[in-house]
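Visitor: Numbering (numbering that gives the first Met the number 0), first residue to last: 0 to 381.
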Amino acid sequence: MNRYVSHLECSLEGTRYEAGPVYRLSDAGRPLLVRYRLDDIAAAVDRDEVAARDGGFYKWRELLPFADAGGVPRLGEIDTPLITLNSAPNVIVKDEGRLPTGSFKARGLALAVAMARELGLDRLCMPSNGNAGAALAAYASRAGMQSLVYCPADTPRMNIDETRLCGAEVVEVDGFIDDCGKLLAERAKQEGWFDVSTLKEPYRLEGKKSMGLELAAQWGWTLPDAIFYPTGGGTGLIGMWKAFAEMKVLGWIEGPLPKMIAVQAEGCAPMVRAFEAGEEFAQRWEHASTKAAGIRVPQAVGDFLILRAVRESGGKAIAVGEDEIERSWISLAREEGVLMCPEGAATHAAWRRMIEAGEIDRDEKVVLFNCATGLKYKLPGP
Ligand SMILES: *Cc1c(COP(=O)(O)O)cnc(C)c1O
């Protein structure tokens, strides 16, 4: 473990857990958060020196949980670019499709695999809608570990083939990702696989947190007015919010924090429903349906953390329709050469809707997260 880690903490109850042992959820069944001795980090390192290092997300090692940067699995991690739209000069796409395995799932799974290896685990499993499974397979194989992935049978074919080719055993299930999770949990228990499901172990979140650190450095140690994030399990949104809080304490960033906009699809919008109803937790969304597979998540263990971050930031949760996703997907590709994934296109559709509703101004600087390369998907026709 990184010597700057002070302890882990239950995200609901605040109970402390000593750093070191293998953990999944807290005793209360909620995600565990890694806490650092931020004063010591602030005294030891300079933000610009850290930002100038090579190694993509691994460069933030003082704020990441692993002990030994030499021992982490590497596949050519980079900082992902910011692309300003011609049609809207204050709208900037952060293109996460450039990462190894073609999605930002690399950030989380690289950390989960690195930590699992450090903790002496060697068989990792998870349910996945596609990109997470592929990232797990690649990083596990890179680290010489075994992987097992349960996918809904209608996961994009490319993801399933990619996950298998990268060394995982893949089981296709007639159901949603949470159904996959339940089936997998039984087998994992019998056969001794360690489950690295979203937020059910503490370290994927730390990898996803690096999006917030990286964005702040790219933005000159301030932040945009709003961040539009396609929200499934919500790890990225929760992770960025954690990163901003840590950087505030470190004295690394100035100015107001961005409004966090959780973007979902109308066919699967549990966070939007809970946000609008003022609920702390979200009910499962039945009969979920959207072409944006990465955000087809009917139920999320971090629901209250997503809702908390959105509310604290003064943001909102918003759902967009399939036709709006397609319209943004096509127009950004055709008019600007920016090929999004459908989840990324959903963030553009949400921005457009909020502009039309007067909920956001054209002079507000916003970042849209394009979370995966568009090339993994069945693209819309001409
Ligand atoms: C996983 C995924 C998401 C959702 O990310 P979370 O952090 O789990 O909410 C969005 N888009 C794509 C392409 C994904 O693979």
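All residues carry an ideal CB built from backbone N, CA and C; glycine is no exception.
In this text, all values refer to a predicted model and were calculated from it rather than measured experimentally.
Using the rule of at least 16 other Cβ atoms within 10 Å of the residue's Cβ for burial, across every protein chain shown, is V248 buried or exposed?
Guide: Exposed, since its Cβ has fewer than 16 Cβ neighbours within 10 Å.
Visitor: Between the stretch 118-136 and the stretch 181-199, do three or more beta carbon pairs fall short of 8 Å?
Guide: These segments touch.
Visitor: Please go through the same chain and pick out, in chain order, the residues whose beta-carbon is closer than 8 Å to the beta-carbon of R326, but skip the five residues on each side of it.
Guide: Closer than 8 Å at Cβ, skipping near neighbours: A348.
Visitor: State the Cα-Cα distance for the pair E382 and P379, rounded to the nearest angstrom.
Guide: Outside the shown range of the chain (0 to 381) lies residue 382, about which nothing can therefore be said.
Visitor: Where does M339 fall in DSSP's three states?
Guide: Three-state result, M339: coil.
Visitor: Would DSSP call I82 helix, strand or coil?
Guide: Reduced to three states, the DSSP call for I82 is strand.
Visitor: Would you say the beta carbon of I359 comes nearer than 6 Å to a heavy atom of ligand 1?
Guide: No - ligand 1 has no heavy atom lying nearer than 6 Å to the Cβ of I359.
Visitor: L229: beta carbon under 6 Å from a heavy atom of ligand 1?
Guide: Going by the sequence as given, residue 229 is Pro instead of Leu. Checking every heavy atom of ligand 1 against the Cβ of P229, one is found closer than 6 Å.
Visitor: Would you kindly check if the distance between the Cβ of M239 and the Cβ of M210 is under 7 Å?
Guide: Cβ atoms of M210 and M239: closer than 7 Å.
Visitor: In chain order, what residues of the same chain lie with their CB nearer than 7 Å to the CB of Y376, ignoring the 5 residues before and after it?
Guide: Counting only Cβ-Cβ distances below 7 Å, and skipping sequence neighbours, we find P155, C340 and P341.
Visitor: Would you decide whether L110 is buried or exposed? Buried here means 16 or more other CB atoms lie within 10 Å of its CB.
Guide: Counting Cβ neighbours within 10 Å, L110 comes out buried, since at least 16 surround it.
Visitor: I'd like the ranges of any beta strand (DSSP E) spanning at least 3 consecutive residues and lying wholly in the stretch 230-274.
Guide: Qualifying beta strand (DSSP E) stretches, in chain order: 258-264.
Visitor: Tell me which residues share the same chain as L120 and place their Cβ nearer than 6 Å to its Cβ, disregarding the 5 neighbours each side in the sequence.
Guide: Within the same chain, L120 has close Cβ partners F193.
Visitor: Hey, quick one: how far does the alpha helix (DSSP H) through Q217 stretch, first residue to last?
Guide: R203 to Q217 is the extent of the alpha helix (DSSP H) around Q217.
Visitor: Work out the CA separation of A134 and T162 for me, nearest whole Å.
Guide: C-alpha separation (whole angstroms): 8 Å.
Visitor: Jot down the residue ranges of each uninterrupted alpha helix (DSSP H) in the stretch 136-179, minimum 4 residues, whole runs only, in chain order.
Guide: As far as the stretch 136-179 is concerned, its whole alpha helix (DSSP H) runs of at least 4 residues are 156-164.
Visitor: Taking all protein chains shown into account, decide if S288 is buried (16 or more other Cβ within 10 angstroms of its Cβ) or exposed.
Guide: Answer is exposed; the Cβ neighbour count stays below 16.
Visitor: Say yes only if the C-beta of S209 is nearer than 6 Å to one or more non-hydrogen atoms of ligand 1, and no if none qualify.
Guide: No, the Cβ of S209 stays beyond 6 Å of every heavy atom of ligand 1.
Visitor: Tell me whether P72 is buried or exposed, calling it buried when 16 or more other Cβ atoms sit within 10 Å of its Cβ.
Guide: Buried, since its Cβ has 16 or more Cβ neighbours within 10 Å.
Visitor: Does the separation of the CB atoms of F227 and T83 fall below 7 Å?
Guide: For F227 and T83, no; Cβs fall outside 7 Å.
Visitor: Does the beta-carbon of E323 have 16 or more other beta-carbons within 10 angstroms, so that it is buried, or is it exposed?
Guide: E323 should be labelled buried.
Visitor: Could you tell me whether the stretch 290-301 touches the stretch 172-190, where touching means 3 or more Cβ pairs closer than 8 Å?
Guide: Yes: the two stretches touch, three or more of their Cβ pairs being nearer than 8 Å.
Visitor: What did DSSP end up calling S196 once you bin it into helix, strand or coil?
Guide: Looking at S196 - three-state DSSP - the assignment turns out to be coil, as it is neither helix nor strand.
Visitor: Considering just the uninterrupted stretch of the alpha helix (DSSP H) at M114, what are its terminal residues?
Guide: Unbroken alpha helix (DSSP H) run through M114: K104 to E117.
Visitor: How would you label L374, buried or exposed, when you count the other beta carbons within 10 angstroms and need 16 or more for buried?
Guide: L374 comes out exposed.
Visitor: Output needed for L212: all residues of its chain with C-beta closer than 6 Å, excluding positions within five of it in sequence on either side, in chain order.
Guide: Once the five neighbours on either side are set aside, the close Cβ partners of L212 are W59 and A242.
Visitor: With A139 and S146 assumed to form a contact (beta carbons below 8 Å), what rounded beta-carbon distance in angstroms separates them?
Guide: A139 to S146, Cβ: 4 Å. Contact.
Visitor: Give the secondary structure of E95 by DSSP, where H, G and I count as helix, E and B as strand, and everything else as coil.
Guide: Three-state DSSP puts E95 in a helix.
Visitor: Would you say the beta carbon of T154 is closer than 6 Å to some non-hydrogen atom of ligand 1?
Guide: No, since every heavy atom of ligand 1 falls outside the 6 Å radius drawn around the Cβ of T154.
Visitor: Between the Cα of M390 and those of L118, L331, A344 and E200, spot the shortest distance and give me the residue it belongs to.
Guide: A question about residue 390 goes unanswered here, because the residues of the chain that appear run from 0 up to 381.
Visitor: Three-state secondary structure (DSSP) at M125?
Guide: Reduced to three states, the DSSP call for M125 is strand.
Visitor: Give the range of the alpha helix (DSSP H) segment to which L37 is assigned.
Guide: Residues L37 to A43.
Visitor: State the CB to CB distance for the pair A318 and E265, rounded to an integer number of angstroms; the pair is presumed to be in contact (CB under 8 Å).
Guide: Between E265 and A318 the Cβ distance is about 5 Å, and since that is below 8 Å, they are a contact.
Visitor: Would a C-beta distance cut-off of 7 Å place T234 and K207 closer than the cut-off?
Guide: Yes, these two residues count as a Cβ contact at 7 Å.
Visitor: Would you grab the beta carbon distance between N130 and S102 for me? Rounded to a whole angstrom, and I think it's under 8 Å.
Guide: Indeed they touch by this definition, with Cβ atoms about 4 Å apart.
Visitor: Cβ-heavy atom distance between E205 and ligand 1 below 6 Å?
Guide: Not so, every heavy atom of ligand 1 lies at least 6 Å from the Cβ.
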